[in-house]
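Read the structure below first, then the notes.
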Ligand code: CA
């Protein structure tokens, strides 16, 4: 089910694109993530590109594809996807005969304008972060933090795709109804408890026909790859509206993605065992497979940073709020999400996005949202310049970064997603 290691993962492989060989680079030749770009300042259509070092490699200009339609490319079979990766890797490798021709298909990333990596038809957000679910649950229901279904069924809801934008998104603070616990009636106004959620976005590649579930053993064949996802959340709107049908206007005003989809193939060296703590129920048989147990989980380090307007004006870099790892945070694997989503016959389509839910670690400094970091807004955090935050203020820029590091493999990055809230 999960991709085997092959020549494209060879840690000795280097690229003729020199910047791809620099230590710490997010986009070495072992990564090769996909995105959509055009030359900045133009009105050209967006084209399919692959990040290599500090460059974007134009797939159509190089003659590797004959389309600008990322969703069409994503719908390819796992075998065709792997063949394209092998061709890219061979051609971009040091000593390749393609250097002269392919170097004409490069554009520096600083001169590229990125957009969301594909047309996102449907967006489903899950709730796989068990530490997040427990901490949030405690705030709402101290006696029963986790609902009885949590360890049996991957919890999710259908989100909204139209307001998903690419990194760099600037959005207005949402307004809506809120009601303080001690107030007799709700009031209307700007959200006072605006938060972020640190998530991964899993992109569906090949879909399934309506009525035909995807078995867990084949689930990863239907996954194209992963982006960073900031699922902005207005906690005060959420608290008032979420029962009985779940989040609505508290979540659909903005969601922000990193521009690059890191493929499941690129993640092959960074897989981890999927294990349940002793005493926890094992997944029902339809959500269980040897491959999922052996390597269903992903080993990705995620960081959250904040830059206030004051910091930006003073030329200060974003300050790190938290750092954690996905292996420990997620209670369900990506394959389980795909299988569960389709088990009733629901059809997934190329470009659909499945959010992981907020990925918080077990320790306080690994929290994936402010509501956790500040204990529901009760305990402000202090930034290096002395400013304090419980929730986001106007002018705040939130940055998320992700990367994979392991002995014997070349580090790959997911890039970053940033977004700014304004009044
Ligand atoms: Ca979420």
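In the numbering used here, the protein residues as written are 70 to 492.
Note that beta-carbon positions come from the ideal geometry of N, C-alpha and C, so glycine has one too.
Between 170, 149, 421 and 429, which has its C-alpha nearest residue 296's C-alpha?
On the chain shown, position 227 is the one that residue 296 refers to. With distances taken between Cα atoms, residue 296 lies closest to 421.
Using the beta-carbon count (16 or more within 10 Å), is residue 148 buried or exposed?
Working through the chain shown from its first residue, we reach residue 148 at position 79. The residue in question, residue 148, is exposed, as its Cβ has fewer than 16 Cβ neighbours within 10 Å.
Proximity winner among 459, 339, 284 and 487, relative to residue 416 (alpha-carbon distances)
On the chain shown, residue 416 is found 347 positions in, with the first residue counted as 1. Minimum Cα distance to residue 416 is reached at 284.
Residues sharing a beta bridge with residue 370, DSSP:
By 1-based counting over the chain shown, the position of residue 370 is 301. BP columns for residue 370 point to 394 and 472.
I'd like to know whether the C-beta atoms of residue 195 and residue 426 end up nearer to each other than 8 Å.
Numbered from its first residue, the chain shown carries residue 195 at position 126. Numbered from its first residue, the chain shown carries residue 426 at position 357. Yes, the pair counts as a contact, with Cβ atoms nearer than the cut-off.
Using CA coordinates, which residue listed in 96, 290 and 236 is at the minimum distance from residue 483?
Translated into the one-based positions of the chain shown, residue 483 becomes position 414. Ranking 96, 290 and 236 by Cα distance to residue 483 puts 96 first.
So for residue 115, helix, strand or coil by DSSP?
Mapped onto the chain shown, residue 115 falls at position 46. In this structure, residue 115 counts as coil in the three-state DSSP scheme.
Is any heavy atom of ligand 1 found at a distance shorter than 7 Å from the C-beta of residue 300?
Stepping through the chain shown from its first residue, residue 300 is reached at position 231. Yes, the Cβ of residue 300 comes within 7 Å of a heavy atom of ligand 1.
Looking at the unbroken alpha helix (DSSP H) that takes in residue 361, where does it start and where does it end?
As a first step, residue 361 must be located in the chain shown, where it is residue number 292. From DSSP, the alpha helix (DSSP H) with residue 361 extends over 359 to 364.
What does the alpha-carbon distance come out to for the pair residue 116 and residue 486?
As a first step, residue 116 is located in the chain shown; it is residue number 47 there, counting from the start. As a first step, residue 486 is located in the chain shown; it is residue number 417 there, counting from the start. One C-alpha to the other measures close to 20 Å.
Taking the straight line between their C-alpha atoms, what separation do you get for residue 107 and residue 139?
Residue mapping note: residue 107 aligns to position 38 of the chain shown, counting from 1. Residue mapping note: residue 139 aligns to position 70 of the chain shown, counting from 1. Roughly 14 Å between the two C-alpha positions.
Quick check: the Cα distance between residue 348 and residue 289, rounded to an integer number of angstroms?
Translated into positions along the chain shown, residue 348 becomes position 279. Translated into positions along the chain shown, residue 289 becomes position 220. Their Cα atoms are separated by approximately 28 Å.
Nonlocal neighbours in the same chain, by C-beta distance under 8 Å from residue 276, ignoring five residues either side
Position 207 of the chain shown, counting from 1, holds the residue named residue 276. Answer for residue 276: 144, 291, 416, 417, 418, 419 and 421, listed in chain order.
Inter-residue spacing [alpha-carbon to alpha-carbon] between residue 206 and residue 400:
For the purposes of this step, residue 206 is identified with residue 137 of the chain shown, where counting begins at 1. For the purposes of this step, residue 400 is identified with residue 331 of the chain shown, where counting begins at 1. Answer to the nearest angstrom: the Cα atoms are 15 Å apart.
Here's the rule I'm using: 16 or more other beta-carbon atoms within 10 Å means buried, otherwise exposed. How should residue 209 be labelled?
Within the chain shown, numbered from 1, the residue matching residue 209 stands at position 140. Residue 209 is exposed by the Cβ-count criterion.
Cβ separation of residue 490 and residue 317, assumed to be a contact under 8 Å, to the nearest whole Å
Within the chain shown, numbered from 1, the residue matching residue 490 stands at position 421. Within the chain shown, numbered from 1, the residue matching residue 317 stands at position 248. With 8 Å as the limit, residue 490 and residue 317 do not qualify as a contact, their Cβ atoms being about 19 Å apart.
Nearest CA to the CA of residue 510: which residue from 233, 250 and 258?
The requested residue 510 is not part of the displayed model; the chain covers only 70 to 492.
Identify every run of the beta strand (DSSP E) within the segment 86 to 138, keeping only runs that are complete inside it and at least 3 residues long; order them along the chain.
103 to 108, 116 to 121 and 124 to 127
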